[in-house]
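Visitor:
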Amino acid sequence: MTDASATAARRPGEQALTALGLSAPAPDPADASPHSFPGGGRWRTEIPSCEGPEALAVVLKEASRLDVPIHRISQGSGVWMLTDAEITEMVESTGERDIELCLFTGPRGTWDIGGSTRTDSRGGGLRARGHDAVAGCVEDAVRATELGVKCLLVADEGVLWTLHRARAAGIIPADTTLKVSALIGPVNPAAYAVYERLGADSVNVPSDLTLDHLTEIRRVSGAPMDMYIEAPDDLGGYVRMYEVAELIRRGAPLYLKFGLSKAPGIYPYGHHMRELTLATAKERVRRGRLALDLLARHGADGDMAPLGSRLPGDLQRFEISS
């Protein structure tokens, strides 16, 4: 998509407001992202928090019913919360539909014994605490990729760099993609560029970044960006559906993540949370349909990346020393 076509879409309320003398300034073509996904397209879709085969089946059925295209399915509880049979079933179900499956790796500080994450400062956060936590993440990565998972979700810079090195060394497959969690997402262009160089193939930014923040990031990095169009409450509960077209224009290549506000947390998932998890999985797909309908209504639903595309293109990396 060129900058000219990127600015051609109608903005919400534009015609009515213009008639009332309340029109907004025209978008600045210089704000548009110059980047796109390899193979074409400026946006892909993701359904997050799909915590097991049963939730996945609900998502796939609802996506078929509502005609919601899906590029990626992601899970938040972690590889360690799934059996080999469950992972294999999810790999097969997504593989049949050419959808990328992304599973979270290993232990995280918020579930660890350290008390710092419960202080007012939230010290330590989601990082992997100590060697053993990193080892658990690596164990999850090796196990998942051996079972056919091609995308891994990480919440620690050291784990990201370690898995990037493992990928380069052939310990995990070279075409494994690494996705940075929203729980540690960067909030400035310098940090975003560092994550790219550490091995990230897509980077989830917090959903409260402004449009100008996205433009700033795109001036230094073309790495795919993930953003919750509707964020879970523990990530702020932001709902930005009316901004989707402009988020794409500024932030492409962009994964539109269809989250859900006003819903209890479900990590780490277990069968005791079955009904809630299935109900919220179904509603996330419906939220996706609502966002896509708004894009279509505003004439901005073109230039979606082809279904089945998953690779990020050529990215900048730190040199791996021997």
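Numbering (this note's numbering), first residue to last: 1 to 322. Note that beta-carbon positions come from the ideal geometry of N, C-alpha and C, so glycine has one too. The structure presented is a predicted model; accordingly, all values stated were derived computationally and were not measured.
Output the residue ranges of the alpha helix (DSSP H) runs that lie fully inside the region 136 to 205 and measure 4 residues or longer, sorted by chain position.
Guide: Runs found: 157 to 168 and 189 to 198.
Visitor: Does the distance from the C-beta atom of H71 to that of I99 stay below 8 Å?
Guide: The answer is yes: Cβ separation under 8 Å.
Visitor: Who does W43 pair with in a DSSP beta bridge?
Guide: Looking at the DSSP assignment, W43 forms a beta bridge with L254 and M304.
Visitor: Roughly how many angstroms separate the alpha carbons of E14 and A296, rounded to a whole number?
Guide: If I take the Cα positions, the gap works out to 15 Å.
Visitor: Look up L103 in the DSSP assignment and give the residues it is bridged to.
Guide: DSSP lists L152 as partners of L103.
Visitor: With which residues is I73 paired in a DSSP beta bridge?
Guide: Answer by DSSP bridge pairing, in chain order: I47 and L101.
Visitor: Helix or strand or just coil, what does DSSP make of I320?
Guide: If DSSP states are grouped into helix, strand and coil, I320 belongs with coil.
Visitor: Would you check if the distance between the CB atom of L211 and the CB atom of E157 is smaller than 8 Å?
Guide: It is not a contact, given that the beta carbons lie outside the stated cut-off.
Visitor: What residues are listed by DSSP as bridge partners for D226?
Guide: Answer is N204 and Y255, bridged to D226.
Visitor: Which residues share a DSSP beta bridge with V134?
Guide: DSSP lists no partner for V134.
Visitor: Look up V285 in the DSSP assignment and say whether it is helix, strand or coil.
Guide: Helix.
Visitor: Mapping the DSSP letters down to three states, classify V239 as helix, strand or coil.
Guide: Note: V239 maps to strand in three-state DSSP.
Visitor: Tell me the DSSP secondary structure of L209 in three-state form.
Guide: Looking at L209 - three-state DSSP - the assignment turns out to be coil, as it is neither helix nor strand.
Visitor: What residue does the alpha helix (DSSP H) around T88 start on, and which one ends it?
Guide: Start and end: D84 to E96.
Visitor: With DSSP run on the structure shown, which of helix, strand or coil describes S64?
Guide: In the structure shown, S64 sits in a helix (DSSP, three-state: H, G or I).
Visitor: Taking just the CA atoms, how far does R310 sit from V149?
Guide: Roughly 13 Å separates the two Cα atoms.
Visitor: For A133, count neighbouring C-beta atoms within 10 Å of its own C-beta (all shown protein chains included) and say buried if the count is 16 or more, exposed if not.
Guide: Classification of A133: buried, given that the 10 Å Cβ count is 16 or more.
Visitor: Taking the alpha helix (DSSP H) that L17 belongs to, which residues open and close that run?
Guide: From DSSP, the alpha helix (DSSP H) with L17 extends over E14 to A19.
Visitor: The ligand MN heavy atoms versus the CB of V187: any closer than 7 Å?
Guide: The ligand content of the structure shown is nil, which means the ligand MN is not present either.
Visitor: Which whole-angstrom value describes the C-beta separation of L315 and D201, a residue pair presumed to lie in contact below a C-beta threshold of 8 Å?
Guide: Yes, they are in contact, since the Cβ atoms of L315 and D201 sit about 7 Å apart, within 8 Å.
Visitor: Find the nearest neighbour of P268 within the set G106, P29 and W43, judged by alpha-carbon distance.
Guide: Among G106, P29 and W43, the Cα nearest to that of P268 belongs to G106.
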